[in-house]
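Asker: Structure in structure tokens, see below.
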Amino acid sequence: MFETYETLIEGLLEKGFGSVDHWLSSEELVGLRKSLLLHYDNDLFHSAGIGNKENLQMIKKIRNDHIYWLDASKANVYEKQFLQKINDFTDHLNRTCFAGIHSFEFQYAVYEQGSFYKKHIDQFQNDDKRQFSIVFYLTEAWQPGDGGELLLFSDDVVTTIQPVPGRMVFFRSDLPHEVLTSNIQRLSLTGWMKSI
Ligand SMILES: O=C(O)CCC(=O)C(=O)O
Ligand SMILES: [Fe+2]
Numbered sequence: 001m002f003e004t005y006e007t008l009i010e011g012l013l014e015k016g017f018g019s020v021d022h023w024l025s026s027e028e029l030v031g032l033r034k035s036l037l038l039h040y041d042n043d044l045f046h047s048a049g050i051g052n053k054e055n056l057q058m059i060k061k062i063r064n065d066h067i068y069w070l071d072a073s074k075a076n077v078y079e080k081q082f083l084q085k086i087n088d089f090t091d092h093l094n095r096t097c098f099a100g101i102h103s104f105e106f107q108y109a110v111y112e113q114g115s116f117y118k119k120h121i122d123q124f125q126n127d128d129k130r131q132f133s134i135v136f137y138l139t140e141a142w143q144p145g146d147g148g149e150l151l152l153f154s155d156d157v158v159t160t161i162q163p164v165p166g167r168m169v170f171f172r173s174d175l176p177h178e179v180l181t182s183n184i185q186r187l188s189l190t191g192w193m194k195s196i
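Residue numbers (full-length UniProt numbering): 1 to 196.
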């Protein structure tokens, strides 16, 4: 795992983001995909931003994916294993980079065909506790033309990340980014490492 950590950290320090393809074993990837689909079938997902009913119309123009927050107390074996791995990475970041991460939170996301998330940063206007953003792509198969690419905007450079199964992206939460319209059902697990 050490090399994977170093690839991610180097990327973060040099350009604001890092990406690796083998953070999850194929068994873990399949387990998390099945868990996501089970929660989705059980109607546990809701429109992202629905907590804020007055702004819902506005929010839907910015993002129209559906999300489900991972609850550690209800996590299944795959989710527990996943959270443990994130915990180990957090410890590594705190030990080697004095990152000062105190907690993390993760949500599954489903982008149905035609869904997107316009350019944004992951820190709220009145709350910049989110330090690092992490996305894992869980879709079973992805090919060019399927859309849903992640664009990362650092300085004058725009980087396109293809959401291929198993890929993980790690970036500073103040880095502007965007999810292009997906032409297929796009599955992911997204989280934030927080300073509080
Ligand atoms: O799914 C992605 O590629 C990024 C998602 C995202 O930006 C977010 O949920 O804040
Ligand atoms: Fe984001």
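Each residue gets a CB set at the ideal place from its N, CA and C atoms; glycine is no exception.
The structure displayed is predicted, hence computed values, not measured ones.
So, using beta-carbon positions, are SER188 and PRO163 closer together than 8 angstroms?
Answerer: Here residue 188 refers to the residue found at position 188 of the sequence shown. Here residue 163 refers to the residue found at position 163 of the sequence shown. Result yes, Cβ atoms of SER188 and PRO163 sit closer than 8 angstroms.
Asker: Just how far apart, CA to CA, sit MET168 and GLN57?
Answerer: On the sequence shown, residue 168 is found 168 positions in, with the first residue counted as 1. On the sequence shown, residue 57 is found 57 positions in, with the first residue counted as 1. In a straight line, the C-alpha of MET168 is about 31 angstroms away from that of GLN57.
Asker: Out of curiosity, what's the CA-to-CA distance linking SER73 and HIS177?
Answerer: By 1-based counting over the sequence shown, the position of residue 73 is 73. By 1-based counting over the sequence shown, the position of residue 177 is 177. One C-alpha to the other measures close to 31 angstroms.
Asker: May I ask you to check if the CB of SER133 is nearer than 7 angstroms to at least one heavy atom of ligand 2?
Answerer: For the purposes of this step, residue 133 is identified with residue 133 of the sequence shown, where counting begins at 1. Checking every heavy atom of ligand 2 against the Cβ of SER133, one is found closer than 7 angstroms.
Asker: Do you know offhand how far LEU13's Cα is from ASN87's?
Answerer: For the purposes of this step, residue 13 is taken as the residue at position 13 of the sequence shown. For the purposes of this step, residue 87 is taken as the residue at position 87 of the sequence shown. C-alpha separation (whole angstroms): 20 angstroms.
Asker: To test your reading of the DSSP string, which unbroken beta strand (DSSP E) runs of 3 or more residues are found completely within the UniProt domain "Fe2OG dioxygenase" (102 to 195)?
Answerer: Runs found: 103 to 111, 117 to 120, 130 to 137, 150 to 154, 157 to 161, 168 to 172, 177 to 179, 186 to 194.
Asker: Heavy atom of ligand 2 less than 7 angstroms from the Cβ of HIS46, yes or no?
Answerer: In the sequence shown, the residue the question calls residue 46 occupies position 46. No, the beta carbon of HIS46 sits no closer than 7 angstroms to any heavy atom of ligand 2.
Asker: I'd like the list of long-range same chain contacts for LEU32, defined as Cβ closer than 8 angstroms, with 5 residues on each side in sequence excluded.
Answerer: Looking up residue 32 in the sequence shown gives position 32. So the qualifying residues of the chain are LEU24, TYR78, GLU79, PHE82, PHE136, LEU138, LEU189.
Asker: Leaving aside the five residues before and after SER47 along the sequence, list all residues of the same chain whose C-beta is less than 7 angstroms from its C-beta, in chain order.
Answerer: Counting from one through the sequence shown, the residue named residue 47 turns up at place 47. If we look at SER47 and ignore the five residues flanking it on each side, its Cβ neighbours are HIS66.
Asker: Counting along the chain, where does the beta strand (DSSP E) carrying GLY18 start and finish?
Answerer: Residue mapping note: residue 18 aligns to position 18 of the sequence shown, counting from 1. Taken as a continuous stretch (DSSP letters only), the beta strand (DSSP E) holding GLY18 covers 17 to 20.
Asker: Ligand 4 and ALA99: does the residue's C-beta get closer than 7 angstroms to at least one heavy atom of that ligand?
Answerer: Although ligand 4 was asked about, the structure shown includes only ligand 1 and ligand 2 as ligands.
Asker: Would HIS102 and SER195 be called neighbours here (beta carbons separated by less than 8 angstroms)?
Answerer: One-based indexing of the sequence shown puts residue 102 at position 102. One-based indexing of the sequence shown puts residue 195 at position 195. Taking 8 angstroms as the Cβ cut-off, HIS102 and SER195 qualify as a contacting pair.
Asker: Give the DSSP-derived three-state secondary structure of SER47 in the structure shown.
Answerer: What you label residue 47 is simply residue 47 of the sequence shown in a count that begins at 1. Of the three classes helix, strand and coil, the one that applies to SER47 here is strand, per DSSP.
Asker: Please classify MET1: is it buried, with 16 or more other beta-carbons within 10 angstroms of its beta-carbon, or exposed?
Answerer: For the purposes of this step, residue 1 is taken as residue 1 along the sequence shown, with counting starting at 1. When all chains shown are included, MET1 counts as exposed.
Asker: Taking a contact to mean a Cβ-Cβ separation below 8 angstroms, would you say GLY191 touches PHE104 in this structure?
Answerer: Start at 1 with the first residue of the sequence shown, and residue 191 comes out as number 191. Start at 1 with the first residue of the sequence shown, and residue 104 comes out as number 104. Yes.
Asker: For ligand 1, any of its heavy atoms closer than 7 angstroms to the Cβ of VAL158?
Answerer: Within the sequence shown, numbered from 1, the residue matching residue 158 stands at position 158. Not so, every heavy atom of ligand 1 lies at least 7 angstroms from the Cβ.
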